[in-house]
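In our numbering, the protein residues as written are 40 to 217.
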Amino acid sequence: MNDKTINHIEVKSPLSWDEYFMLQAMIASFRSKDPSTKVGSVFVDSNNHQITMGYNGFIAGINESELPWGKENTVGPADQKYGYVVHAEANAILHAKGDLTGSRAYVTLFPCNECAKLIASKKVSEVIYLSDKHQDKDHTIIAKKIFDLVGIKYRQLEVTPKLLENLNQHLAGQLSEI
Ligand SMILES: [Zn+2]
Numbered sequence: 040m041n042d043k044t045i046n047h048i049e050v051k052s053p054l055s056w057d058e059y060f061m062l063q064a065m066i067a068s069f070r071s072k073d074p075s076t077k078v079g080s081v082f083v084d085s086n087n088h089q090i091t092m093g094y095n096g097f098i099a100g101i102n103e104s105e106l107p108w109g110k111e112n113t114v115g116p117a118d119q120k121y122g123y124v125v126h127a128e129a130n131a132i133l134h135a136k137g138d139l140t141g142s143r144a145y146v147t148l149f150p151c152n153e154c155a156k157l158i159a160s161k162k163v164s165e166v167i168y169l170s171d172k173h174q175d176k177d178h179t180i181i182a183k184k185i186f187d188l189v190g191i192k193y194r195q196l197e198v199t200p201k202l203l204e205n206l207n208q209h210l211a212g213q214l215s216e217i
């Protein structure tokens, strides 16, 4: 008997596109040197192809040894990190090689209003975020107002413990093979 359908097993990707790109945004965030807040972002077109990605860091090419990573506010703004850090979304937009119109942005933290201005100006269609821990802060409230006014949708993605467990197992397996 020769059953040609024997290998035609119905399979489904264990990762949704949302999970796939959020994991990429998380991995981008791991590149950040910021000791307190590591943020990553990935912009994706309607064919689920990545256009650009970024993480929060100092201005590209600057002499980083001259700049402070601390946020202690007993010293002036010139000696705090905030004045020098480019946010993950801003970096992704700055370094994008393709048009972002209609794209989806995956971010590990809800964008601030400064990044929301850039996202809205680039006509991004949707923002998918992981954490909204600054939801009560003015910069988040303003960012949501900007998105609402220009019609950018936003929704929170819940990454399941199962997914993180799989990722952990994968990383552990890779490391043990080295
Ligand atoms: Zn920002």
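Ideal placement from N, C-alpha and C gives every residue a C-beta, glycine not left out.
In this text the structure is predicted, and so the values were computed from the model without any measurement.
State the start and end residues of the unbroken alpha helix (DSSP H) segment that holds residue i.
| i | result |
| --- | --- |
| ILE180 | 177-189 |
| ALA135 | It is not in any alpha helix (DSSP H) - ALA135 carries neither H nor E in the DSSP assignment. |
| LEU157 | 152-160 |
On the three-state DSSP scale, how would you describe residue i?
| i | result |
| --- | --- |
| LYS120 | helix |
| ILE217 | Bear in mind that a pLDDT of 47 at ILE217, under 50, signals an unreliable position, so the model cannot answer this. |
| PHE60 | helix |
| THR44 | helix |
| GLY79 | strand |
| ALA144 | strand |
| PHE97 | strand |
Quick check on the DSSP output: the beta strand (DSSP E) that includes residue i runs from which residue to which?
| i | result |
| --- | --- |
| LYS192 | 192-195 |
| GLN89 | 89-94 |
| LEU169 | 165-170 |
| VAL198 | Per DSSP, VAL198 belongs to no beta strand (DSSP E) and is neither H nor E. |
If we count the other Cβ atoms within 10 Å of its Cβ and call it buried at 16 or more, is residue i buried or exposed?
| i | result |
| --- | --- |
| LYS184 | exposed |
| ALA117 | exposed |
| PHE60 | buried |
| GLY79 | buried |
| ASN112 | exposed |
| GLY212 | exposed |
| GLU197 | exposed |
| THR140 | exposed |
Pull up the CB-CB distance for residue i and residue j, whole angstroms please, since I reckon it's below 8 Å.
| i | j | result |
| --- | --- | --- |
| PHE149 | VAL124 | Not really, about 17 Å apart at Cβ, beyond 8 Å. |
| ALA67 | ALA127 | 7 Å |
| TYR145 | ILE180 | Incorrect: roughly 22 Å between the Cβ atoms, too far for contact. |
| CYS151 | HIS178 | 4 Å |
| SER142 | PHE82 | 5 Å |
Which residues have a Cβ closer than 7 Å to any heavy atom of ligand 1, listed in chain order? HIS126, GLU128, ALA129, PRO150, CYS151, GLU153 and CYS154
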